[in-house]
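Colleague: Please find one structure pasted underneath; my questions will follow.
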Amino acid sequence: MKRLVLACLLALVALAGAHELQPAYLELREGADRSIAVTWKIPYFKGRPLPIEPGFPDDWQEISEPHLTPLGNGLLFRWKMKPGESGLDGAMIRIEGPRTGLTDVLVRATLANGEATTRVLRPESPGTEISFANGGVPFMLGYLFIGIQHILLGVDHLLFVLGLLLIVDGTRMLVKTITMFTVAHSISLAIATFRIVEVPEAPLNLCIALSILFLGPEVVRKWRGGTSFTIEHPWVVAFAFGLLHGIGFASGLSVTGLPRGEIPLALLWFNIGVELGQLAFVLVSLALMRAWKVIELRWPLALRRAPGLAIGILGAYWTFDRFHAMLTAV
Amino acid sequence: MPLAHLVQTGFGGFYDGLAHWALTPQDVLLVVAFALLAGLAGKQRARQLVLALPSAWLLGGLLGLLVPSLMPPELATTLSFGLVGLLVALDRRLPAAAFFALILAAAGLHGVANGSTMATTGPGWLGLVGATLAVFIAVSLIPALLVGLKKPAARVAVRVGGSWIAAASLLMIGWLFRAG
């Protein structure tokens with residue numbers, strides 16, 4: 015049984031892709047002369063720009079060459095277009111390319127009179143009609159959805175939370191620890207989103223991997239009945255590493271081009287989405303532990319230790335992988 | 037085939053598979069019926085269910101993934117949850133061998149249907165893992181809520197739940213025949 019569990023855990027390593035892929039961003043801003051200023055930001059995927067591009071109605075024409083600005087985590091293009099007779103309102107926008115299934119695209123359109131609308135294009139619905147009726151609700155729901163998606167697809171963040179659940183004793187300490195993690199990553203998410211602090215992506219991802227690797231031996235120490243600062247005060251570790259994870263969450267919140275006044279609202283809804291996803295994960299994990307206790311299900315020792323081992327093995331794998339990626343980039 | 041379409045959550049294949057299970061009435065009702073049956077029968081059956089049902093589901097699913105043409109007829113998957121619902125309504129405590137055989141047959145059948153769907157509609161093995169995890173969570177949580185039920189009225193309420201599942205099966209079979 016031990017060997018089987020170990021084999022499964024090692025297989026996990028082969029599947030473990032905890033990539034932080036940002037949504038792409040398309041802004042269409044109508045000028046006084048009815049021309050459309052286009053801002054198109056594509057994120058990097060595995061070190062290369064994602065091969066996707068916006069598709070406009072057939073009667074739209076480019077009236078300026080795209081101007082390219084390289085960013086730390088992607089490429090930014092700006093150019094101008096002349097829309098057809100119908101203009102921006104009612105235009106059909108599509109995202110095209112071989113890898114449209116990899117990320118969401120935030121589309122923001124603003125009329126010359128300041129009226130704005132935001133849509134989120136998802137892999138299963140890569141096109142939308144720009145409409146300025148009821149623009150606010152999709153805007154909020156879009157960021158909420160991206161927040162939930164970011165945490166539920168962020169295996170590294172979930173694994174860290176699982177590690178905390180495994181070393182915490184008692185309901186009170188659990189609530190305190192999870193609350194501290196939430197407070198910390200909310201603070202650093204806001205700080206990173208407003209660009210008060212900017213951390214390069216490669217060392218940040220390495221540090222997040224290290225935080226998971228750090229928890230692995232702590233879980234093992236806990237099994238052996240040992241103690242440590244982390245086991246006695248898990249909330250301190252949750253707060254400290256929560257700050258790191260919050261900056262990681264910020265990579266999922268693409269706000270380039272959003273008017274400054276709308277960034278707080280986007281941040282709020284994104285963070286609510288992250289918290290909802292995290293809360294669902296914590297509640298399901300706790301409910302499962304409770305249910306197994308009620309039906310007196312005792313897993314074999316190797317299986318009981320599998321989550322802790324997974325945290326250690328994946329933490330180590332991501333640490334080496336991200337360290338290698340960082341060195342390669344240099 | 038009504039099962040041959042898959043919900044897209046936008047969260048990737050794993051969550052598509054999980055959502056597929058949650059949005060396929062035949063699959064949900066089968067798992068709920070088994071969970072009620074095991075919950076009524078006590079802790080031992082509940083433990084056996086947690087281990088056996090997701091395993092049978094996964095094995096069936098792998099078979100369906102490898103040989104998508106094995107997709108079972110909808111009548112079979114509908115009948116299977118009706119049968120388990122009927123056992124709940126009758127409050128039958130099956131012998132262990134019969135319990136495992138029923139799980140293997142019914143969950144294996146639904147697993148094959150799941151696997152065939154996943155193979156033909158995109159998410160593949162990742163979707164199957166998501167669906168199996170959903171099944172695992174459901175069969176862990178639901179029986180735990182029931183094993184402590186002592187009052188006769190509470191057991192009757194669970195049996196009524198089983199009878200509704202059996203009735204839903206009959207209704208769906210009726211629709212299947214009407215649709216031809």
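Taken in sequence, the protein lines are chains P and X.
Residues 15 to 344 in this note's numbering are what the first sequence spells out, letter by letter.
Residues 37 to 216 in this note's numbering are what the second sequence spells out, letter by letter.
Ideal placement from N, C-alpha and C gives every residue a C-beta, glycine not left out.
1. Would you please verify whether the beta carbon of X:G48 is less than 9 Å from any beta carbon of chain P?
2. Does the beta-carbon of X:L39 have 16 or more other beta-carbons within 10 angstroms, so that it is buried, or is it exposed?
3. For the beta strand (DSSP E) containing P:T124, list its first residue and its last residue.
4. Could you tell me whether the Cβ of P:W306 comes closer than 9 Å to any Cβ of chain X?
5. Can the beta-carbon of X:L122 be found closer than 9 Å to that of X:S199?
6. Does any residue of chain P have a CB that is nearer than 9 Å to the CB of X:S176?
7. What are the start and end residues of each continuous alpha helix (DSSP H) run of 4 or more residues lying completely inside the stretch 263–340 of chain P, in chain order?
8. Consider the Cβ of X:K79: report whether some Cβ of chain P lies at a distance smaller than 9 Å.
9. Since X:I173 meets chain P, which of its residues come closer than 7 Å, beta carbon to beta carbon?
10. DSSP three-state call for X:R83: helix, strand or coil?
11. Closer than 9 Å, Cβ to any Cβ of chain X: which residues of the stretch 158–187 of chain P, in chain order?
12. What residue from X:A155, X:A180, X:A141, X:P179 has the CA that sits closest to X:L98's CA?
13. Expressed to the nearest angstrom, what Euclidean distance is found between the alpha-carbon atoms of X:I178 and P:E246?
14. Residue ranges of each alpha helix (DSSP H) run of no fewer than 4 residues wholly in the stretch 178–216 of chain P, ordered along the chain?
15. Tell me the rounded alpha-carbon separation between P:S202 and P:T241.
16. Would you call P:E129 buried or exposed, if buried means 16 or more other Cβ atoms sit within 10 Å of its Cβ?
17. Once the 5 residues before and after P:G291 are set aside, which same chain residues still bring their CB inside 6 Å of it?
18. Could you list which residues in chain X have their beta carbon closer than 8 Å to that of P:E310, in chain order?
19. Can you say whether X:G210 is buried or exposed, counting buried as having 16 or more other CB atoms within 10 angstroms of its CB?
20. With DSSP collapsed to three states, give me the class of P:K94.
21. Where are the alpha helix (DSSP H) runs, 4 residues long or more, that stay fully inside the stretch 136–169 of chain X, in chain order?
22. Beta strand (DSSP E) containing X:E110: first to last residue?
23. Look at the alpha carbon of P:H171 and the alpha carbon of P:G101, and state the distance between them as a whole number of angstroms.
24. Under 8 Å, with one C-beta from each stretch per pair, do the stretch 214–233 of chain P and the stretch 323–342 of chain P reach the 3-pair mark?
25. Three or more C-beta pairs under 8 Å: does that hold for the stretch 166–181 of chain X against the stretch 86–103 of chain X?
26. With a CB to CB cut of under 8 Å and the five nearest residues on each side skipped, what residues in its chain are close to P:P37?
27. Which residues does DSSP pair with P:I109 in a beta bridge?
28. Using a beta-carbon distance below 9 Å, is X:P159 in contact with chain P?
29. Within 8 Å: the Cβ of X:V68 and any heavy atom of the ligand GDP?
30. Are the C-beta atoms of P:H33 and some chain X residue less than 9 Å apart?
31. CB-CB under 7 Å to P:S78, same chain, minus the five flanking residues each way: which ones, in chain order?
32. Which residue marks the beginning of the alpha helix (DSSP H) containing X:G197, and which one marks its end?
33. Using 9 Å as the limit for Cβ to Cβ distance, is X:P225 near chain P?
34. Measuring alpha carbon to alpha carbon, tell me which residue in P:K96, P:R209, P:E67 is nearest P:Q75.
35. Hey, could you find the ends of the alpha helix (DSSP H) P:W54 is sitting in?
Modeller: The relevant details are as follows:
1. The sequence position of residue 48 of chain X within the second sequence is 12, counting from 1. Interface residue, yes.
2. By one-based count along the second sequence, residue 39 of chain X stands at place 3. Annotation note: pLDDT 44 at X:L39 (below 50); position unreliable, no value reported.
3. Residue 124 of chain P sits at position 110 when you count from the first residue of the first sequence. P:T124 -> beta strand (DSSP E) spans 119–124.
4. Locating residue 306 of chain P in the first sequence gives position 292, counting from the first residue. Yes, contact with chain X.
5. As a first step, residue 122 of chain X must be located in the second sequence, where it is residue number 86. As a first step, residue 199 of chain X must be located in the second sequence, where it is residue number 163. Yes.
6. Locating residue 176 of chain X in the second sequence gives position 140, counting from the first residue. True, the Cβ-Cβ gap to chain P drops below 9 Å.
7. 277–308
8. Walking along the second sequence from the start, residue 79 of chain X turns up at place 43. Yes, contact with chain P.
9. Here residue 173 of chain X refers to the residue found at position 137 when the second sequence is read from its first residue. Here the neighbours are V298, L302.
10. Translated into positions along the second sequence, residue 83 of chain X becomes position 47. Reduced to three states, the DSSP call for X:R83 is helix.
11. F159, I162, Q163, L166, L167
12. Translated into the one-based positions of the second sequence, residue 98 of chain X becomes position 62. The residue with the shortest Cα to Cα distance from X:L98 is X:A155.
13. In the second sequence, the residue the question calls residue 178 of chain X occupies position 142. In the first sequence, the residue the question calls residue 246 of chain P occupies position 232. Taking the straight line joining both Cα atoms gives about 34 Å.
14. 185–207
15. Numbered from its first residue, the first sequence carries residue 202 of chain P at position 188. Numbered from its first residue, the first sequence carries residue 241 of chain P at position 227. Rounded to whole angstroms, P:S202 to P:T241 spans 29 Å at the Cα level.
16. Position 115 of the first sequence holds residue 129 of chain P. P:E129 comes out exposed.
17. Position 277 of the first sequence, counted from the start, is the residue given in the question as residue 291 of chain P. I162, I165, L166.
18. Stepping through the first sequence from its first residue, residue 310 of chain P is reached at position 296. Going along chain X in sequence order, the residues near P:E310 (Cβ under 8 Å) are K79, R83.
19. In the second sequence, counting from the first residue as 1, residue 210 of chain X sits at position 174. It counts as exposed.
20. The residue you call residue 94 of chain P lines up with position 80 of the first sequence. Strand, per DSSP.
21. none
22. Walking along the second sequence from the start, residue 110 of chain X turns up at place 74. Careful: X:E110 lies outside any beta strand (DSSP E), inside the alpha helix (DSSP H) at 110–126.
23. By one-based count along the first sequence, residue 171 of chain P stands at place 157. By one-based count along the first sequence, residue 101 of chain P stands at place 87. Those two C-alpha atoms are separated by around 43 Å.
24. yes
25. yes
26. Taking the first residue of the first sequence as 1, we reach residue 37 of chain P at position 23. Hits under 8 Å: P57, T117, D118, V119, L120, V134, I160, G266, S268.
27. For the purposes of this step, residue 109 of chain P is taken as the residue at position 95 of the first sequence. Its beta-bridge partners are P:P68.
28. Walking along the second sequence from the start, residue 159 of chain X turns up at place 123. No - not a single Cβ of chain P is within 9 Å of the one on X:P159.
29. In the structure on display, the ligand GDP does not appear, and there are no ligands present to speak of.
30. Here residue 33 of chain P refers to the residue found at position 19 when the first sequence is read from its first residue. Residue placement at P:H33 is flagged as unreliable, the pLDDT there being 47, under the threshold of 50; the coordinate-derived value follows with that caveat. Answer no: the Cβ-Cβ gap between P:H33 and chain X never drops below 9 Å.
31. Counted from its first residue, the first sequence places residue 78 of chain P at position 64. Same-chain partners within the cutoff: W93, K94.
32. Counting from one through the second sequence, the residue named residue 197 of chain X turns up at place 161. Per DSSP, X:G197 belongs to the alpha helix (DSSP H) from 188–215.
33. Residue 225 of chain X lies beyond the residue range present for chain X, which begins at 37 and ends at 216; the question has no answer from this structure.
34. Counting from 1 along the first sequence, the entry for residue 75 of chain P is found at position 61. With distances taken between Cα atoms, P:Q75 lies closest to P:K96.
35. Translated into positions along the first sequence, residue 54 of chain P becomes position 40. Not the alpha helix (DSSP H): P:W54 falls in the beta strand (DSSP E), residues 50–59.
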